[in-house]
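One structure is given here, and the rest of the page talks about it.
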Amino acid sequence: MLLSRALLKRHSVLPGFDLALGFTLLYLSFIVLVPLSAAFLKTFTMTWPAFWDTVTAPRVLASYRLTFGASFAAALVNAAFGLVVCWVLVRYDFPGRRVVDALVDLPFALPTAVAGIALTALYSGNGWIGRWLPFKVSFTPLGVWVALTFIGLPFVVRTLQPVVEDLHQEVEEAAAILGATRWQTFRRVILPVLTPALLTGFALAFARALGEYGSVIFIAGNLPMVSEIVPLLIITKLEQFDVPGATAIAVVMLVAAFVLLLAINGLQAWTRARQGR
Amino acid sequence: MSAPGAPRRLADVTTEPAWLRRLLIAVALAFLTLFLFVPLVAVFVEALKKGVDVYLAAIVEPDALAAIRLTLLAAAISVPLNLAFGVAAAWSIAKFEFRGKNVLLTLIDLPFSVSPVITGLVFVLVFGLQGWLGEWLRDHDLKIIFALPGIVIATIFITLPFVARELIPLMQAQGIEQEEAARVLGAGGWQIFRRVTLPNVQWALLYGVILCNARAMGEFGAVSVVSGHIRGQTNTMPLHIEILYNEYQFAAAFAVASLLAGLALVTLALKYFVERRVAASARAVAGPRL
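Sequence order for the protein chains is A and B. For the first sequence, this note's numbering assigns the number 225 to the initial residue and increments by one for each residue that follows. For the second sequence, this note's numbering assigns the number 866 to the initial residue and increments by one for each residue that follows.
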């Protein structure tokens, strides 16, 4: 009764609001909110200089550079190729299109540890792909990028797909009739409509890559200052019983994740506005 | 292709020239092959590299069986709980207008933006020996971290949004007219849900459960932090794979991995099937309104 009186904007004849929302809030609090605030409260027991020294130590800075850099590069490549893949899946017909479409979600369904050892086997010096490459991939930052590209792949495709499906071909016809070349139509008519969704997909892939652990640790080799990602550094600190140190770095990453979450929410609102929904 | 100077057909101007179409298809397939198909095939090839006997031995080995049992158990506990949460959250968000709804939606999505490793760390901070409840738990001889409860709680956190995210948009699109009609005709809350709402969302519900289950069984980072890697006791399948791999037992690692890869393929197949059903029922809902 309390919840419905306090929160409901208008009366509803449907039952179950108190029970459903009450259970939702209770469950969310116990599983997500209380534990997450524990992380923040734990860092508040550190002094500010100690916190700052922990999160700006050279080894930690190197791991930020690697994690953010490789995530950005992976999201960028996924944005470019994701656009091509999405366009091909929606607009063209070719044998096996449905199977390919279904398999795009593989990185969502395949456990990250499985992806990690498979990619390592492929890209190691004597692996199927690694042996043909003139440069080293596994145990270098390039290996981190490969793993992050794999796990971010579906985001751009799946975010773009509904928007490309909804494109009005009449507009393209109109552009063509008015004398635009196909490239001009794409640049000036199609791409502006796709931009919000493309940015959303990019941001989702980037956010996912920042926190990724399982698929990266096998192929990265985890050399401090070279190929050590932030989540691994957190685990390393935990294993050395440096709980405050691990928590301090985790808080930095949590703040980055929340900022991205807000950005993504904004981008999604923009996408909906562009689609006129 | 039309001859130069001849008027082009409309169908030609709203698509790319044939050579470009073929090039784009080739680029897309090459990218997907390199990053998706080859790794998938590699799992099965590496698993069977040393023969079927080695493959089977790796799977029926006691530690592997214990890991499989633990993975199934953790999923069997966490998936139904998140199903109940998803239904409750979707019912309140989709069927009622209340203050703070957008905040609630963001909070439900929160677990997707938190790194699995940080999720694990967070539960260590609450339940670990130096954590908030650490001493109390030790005095009462309760074990959460490095034991099954920790693994289950971390899994619940990671997979919390899946069912809710599938249900909320569909139930919002479906509106509340049918439920209101049922109410006016005298149906109770449970009857409305079971006879009116559930049939409308059953495929989306199943789809959410499938995704939730796949992630629950495959979760690595969070479980890795809270489990303590005790062989035969707190090792899930992904953790068992890691241990085998680090011990250079590659064939065995890939054998266990192939089970999870098989699960992923089954998940994708079910997802494909269910997605078509969801699209069909969404069309059925949208139909009369047009």
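Heads up, the beta-carbon is just placed ideally off N, CA and C, and yes, glycines get one too.
If you measure between the beta carbons of residue i and residue j, is that distance less than 8 Å?
i, j, result
"P331(A)", "F374(A)", "yes"
"V1088(B)", "A1019(B)", "yes"
"G1083(B)", "P1064(B)", "no"
"S439(A)", "L343(A)", "yes"
"V417(A)", "L391(A)", "yes"
"V987(B)", "L998(B)", "no"
"V908(B)", "W352(A)", "no"
"I983(B)", "A1120(B)", "no"
"G340(A)", "F442(A)", "yes"
"F1022(B)", "V256(A)", "yes"
"A931(B)", "N1111(B)", "no"
"V1131(B)", "W1068(B)", "no"
"G1093(B)", "S980(B)", "no"
"V454(A)", "T291(A)", "yes"
"A1116(B)", "A912(B)", "yes"
So with Cβ pairs under 8 Å, would you call residue i a contact of chain B?
i, result
"W311(A)", "yes"
"L415(A)", "no"
"A286(A)", "no"
"K233(A)", "yes"
"G403(A)", "no"
"E452(A)", "no"
"M477(A)", "yes"
"F426(A)", "no"
"V467(A)", "yes"
"K266(A)", "yes"
"L330(A)", "yes"
"T336(A)", "yes"
"A433(A)", "no"
"L491(A)", "no"
"P365(A)", "no"
Just tell me which of the options has its CA closest to the CA of residue i.
i, options, result
"G445(A)", "A326(A), W369(A), F430(A) and R321(A)", "W369(A)"
"A955(B)", "I942(B), L897(B) and Q1039(B)", "Q1039(B)"
"F896(B)", "V454(A), V301(A), T271(A) and L423(A)", "V301(A)"
"I973(B)", "L249(A), W311(A) and I341(A)", "L249(A)"
"P1014(B)", "S980(B), E1044(B) and A941(B)", "A941(B)"
"I809(B)", "V903(B), N947(B) and K1008(B)", "There is simply no residue 809(B) to check, as chain B begins at 866 and stops at 1155 in what is shown."
"F950(B)", "V1028(B), L938(B), Y1110(B) and F988(B)", "V1028(B)"
"V467(A)", "P378(A), L231(A), F264(A) and F254(A)", "F264(A)"
"F900(B)", "F305(A), G349(A) and V475(A)", "F305(A)"
"L1035(B)", "A1052(B), L1071(B), H1005(B) and V1049(B)", "L1071(B)"
"L921(B)", "K1008(B), A1118(B) and G985(B)", "A1118(B)"
"A472(A)", "L232(A), A244(A) and D277(A)", "D277(A)"
"A299(A)", "P319(A), L491(A) and P378(A)", "P378(A)"
"A1079(B)", "L1133(B), T898(B), F963(B) and V968(B)", "L1133(B)"
"I414(A)", "F296(A), E394(A), A427(A) and A429(A)", "E394(A)"
"A891(B)", "L346(A), L485(A), V324(A) and V361(A)", "V324(A)"
According to DSSP, simplified to helix, strand and coil, what is residue i?
i, result
"L913(B)", "coil"
"L232(A)", "strand"
"F379(A)", "helix"
"F963(B)", "strand"
"T1101(B)", "coil"
"V1091(B)", "helix"
"D1006(B)", "coil"
"F332(A)", "helix"
"Y1113(B)", "coil"
"F1085(B)", "coil"
"D317(A)", "coil"
"R501(A)", "Annotation note: pLDDT 49 at R501(A) (below 50); position unreliable, no value reported."
"P448(A)", "coil"
Please confirm whether residue i has its beta-carbon closer than 8 Å to some beta-carbon of chain A.
i, result
"Y1072(B)", "no"
"L901(B)", "yes"
"W884(B)", "no"
"V919(B)", "no"
"A1012(B)", "no"
"V1158(B)", "There is simply no residue 1158(B) to check, as chain B begins at 866 and stops at 1155 in what is shown."
"T879(B)", "yes"
"T1024(B)", "no"
"G1051(B)", "no"
"K960(B)", "yes"
Measure the alpha-carbon distance for residue i versus residue j and round it to whole angstroms.
i, j, result
"T364(A)", "L357(A)", "14 Å"
"L372(A)", "R412(A)", "31 Å"
"P1153(B)", "I1033(B)", "In this predicted model, P1153(B) has a pLDDT of only 43, less than 50, meaning its place in the structure is not dependable; the value taken from the coordinates is given anyway. Roughly 21 Å between the two C-alpha positions."
"F275(A)", "T267(A)", "8 Å"
"T495(A)", "E396(A)", "20 Å"
"L1155(B)", "K966(B)", "The predicted model places L1155(B) with a pLDDT of 36, which falls under 50 and marks its position as unreliable; any figure quoted below should be read in that light. For L1155(B) and K966(B), the distance between alpha carbons rounds to 28 Å."
"G1073(B)", "F482(A)", "24 Å"
"T280(A)", "A1145(B)", "53 Å"
May I ask you to check if the CB of residue i is nearer than 7 Å to at least one heavy atom of the ligand MG?
i, result
"L418(A)", "Absent from the structure shown: the ligand MG. Ligands present: none."
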